[in-house]
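Numbered per the working numbering, the sequence shown spans residues 11 to 441.
In what follows, a single structure is set out as structure tokens and then discussed.
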Amino acid sequence: MRPTLTTDVISILGNDGKVARRLEKYEHRHEQLEMAEAVAQAIEQKNHLLVEAGTGVGKSFAYLVPAILATCKQNETRSGKDRKRLIVSTNTISLQEQLINRDIPFLNAVLPVEFSAVLVKGRSNYISLRRLKGTVDRANSIFSREDELNQLDQIVQWSRKTTDGSRADLEFRPLPKIWDEIQSEHGNCLGKRCATHNDCFYYRARRRVWNADVLVVNHALFFSDLAIRREGSSILPDYDTVILDEAHTIEAVAGDHLGLSITNSQFDYLFNKLYNDRTQKGLLIHHNLIDCQQHVTRLRFMVEDLFDHLLEWQSSHGLSNRRIRQQPPIENAVTQEMKLLGAQISEYAFSLKSEEEKVELQSVAERCSALGDALNSWLTQQADGDSVYWVEVSRGRTQRVKMVNAPVDVGPVLRDELFNQTDTVILTSAT
């Protein structure tokens, strides 16, 4: 006798099933039903499954139907934080859009269960109304170009009418410098103490996520969440079943998010945010922190020297874009100076009465310390022995130097943090 879930799947995807009756010119595909039955069996038995599906099989229906049915059945007697959740992760935006705009709405009308599905975006995709107001107040101190000020004004107008509050809802691509000043950030949030908390776009989206049955995410967000779960935190709510579509890409994406990457551009960007001596703009100008401005100027030269010495050492050892198997003998005074700069900014922040100004400065102080720590971690090769280190150099208008470390094999991490912690993981990809 077939398991109940498999029977339900056949009644929906079979030759005379609900999908066939709903779609004109529908062609029953044996491979689709075979895959759906395999997914149903894996979920019922709490096993993992790797399945390759040829083009035209209709793999999204093959995994969505059994997974949604199982999730909804389990949630009949559960609610709140105890509810079961299904994660569907993809690598491309086009597949996410297909799932959330076409496949899932169709199944919501066809399946004999009610369920909610949400496209999950990372926090930085949402605007912070508090930060937007603060940025407008100090705009003349931090922006030097007319197009930046004009775009900020456009975003203010948009913020008054958007119901979504995400970057994708804008009719134009915001300048990175602008969005960095106004995006929602974990370390730059007042929570319920914020005057705009009730109108916060991020927390509205978060409530929808926590109340949903099906969460559609991209691989970058999924593996970012997996990485911080190792530290006892999370981006996503707990889940029981994960479907990783476009699974041929997960090794590379997981490696990127489970490792470390530092560039000279990151330092330049942070320093310019704080104090640009050429334009005389920046957060430290706004607060008239002259000692900190001078500290940033010194650090610019120190960072430039450190990266130059790293490239000289790399070149002398014939290691261009190759693995580095020993600690580079490079003196690193940058980390300590970054921490000192962060401490200076933090000390000033605590003296302020304004909670909004205080959290903004405290956030940037933490960025200084974190970037210094990351640099030290790479230079001293603090990751375990199963990690590989290398330097990448790319030349364009300016030279970009990237220090990277990543696990040699992401398999053990995925085994411990994903497969051993999750009832069912389905990995699928087209042939």
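By construction, the Cβ of each residue, glycine as well, lies at the ideal position given by its N, Cα and C atoms.
Note that the structure is predicted; figures quoted are calculated from it, not measured.
query: Beta strand (DSSP E) runs contained entirely in the region 98 to 147, provided each spans 3 or more residues; result: 127 to 129
query: Backbone CA spacing between E195 and R133 [nearest angstrom]; result: 7 angstroms
query: Stretch-stretch touch, CB-based, cutoff 8 angstroms, three pairs: the region 228 to 235 with the region 199 to 207; result: no
query: L309, enclosing alpha helix (DSSP H) - first and last residue; result: I300 to S326
query: Member of N57, F116, D92 and V418 whose CA lies at the smallest distance from the CA of D248; result: D92
query: D147 burial status per 10 Å Cβ neighbour count (16 or more: buried); result: exposed
query: Reference M348, options I340, R335 and H305, closest by Cα; result: H305
query: Under 8 angstroms between C-beta atoms of L268 and C302; result: no
query: Buried versus exposed call for T16 [16 or more other C-beta atoms within 10 Å across all chains shown]; result: buried
query: Burial state of L293 (16 or more Cβ within 10 Å); result: buried
query: Which listed residue (T172, V344 and Q108) has its alpha carbon closest to that of C378; result: V344
query: Cα-Cα separation between N221 and A215, rounded to whole angstroms; result: 10 angstroms
query: Buried versus exposed, by CB contacts within 10 Å (16 or more), R240; result: exposed
query: Alpha carbon of M11 to alpha carbon of V75, nearest angstrom; result: Caution applies to M11, whose pLDDT of 42 falls short of 50 and renders its modelled position unreliable; the model cannot decide the point.
query: Beta-carbon gap between V480 and Q106 smaller than 8 angstroms; result: Nothing about residue 480 can be reported from this structure: the residues present for the chain run from 11 to 441 only.
query: CB contact flag (A416, V398, <8 angstroms); result: yes
query: Backbone CA spacing between Q161 and N150 [nearest angstrom]; result: 13 angstroms
query: Three-way DSSP call (helix, strand, coil) for K368 in this model; result: helix
query: Same chain, Cβ closer than 6 angstroms to T432, neighbours up to 5 away in sequence not counted; result: V252
query: R407 versus V29: straight-line alpha-carbon distance, rounded; result: 54 angstroms
query: Three-state secondary structure assigned by DSSP to R239; result: helix
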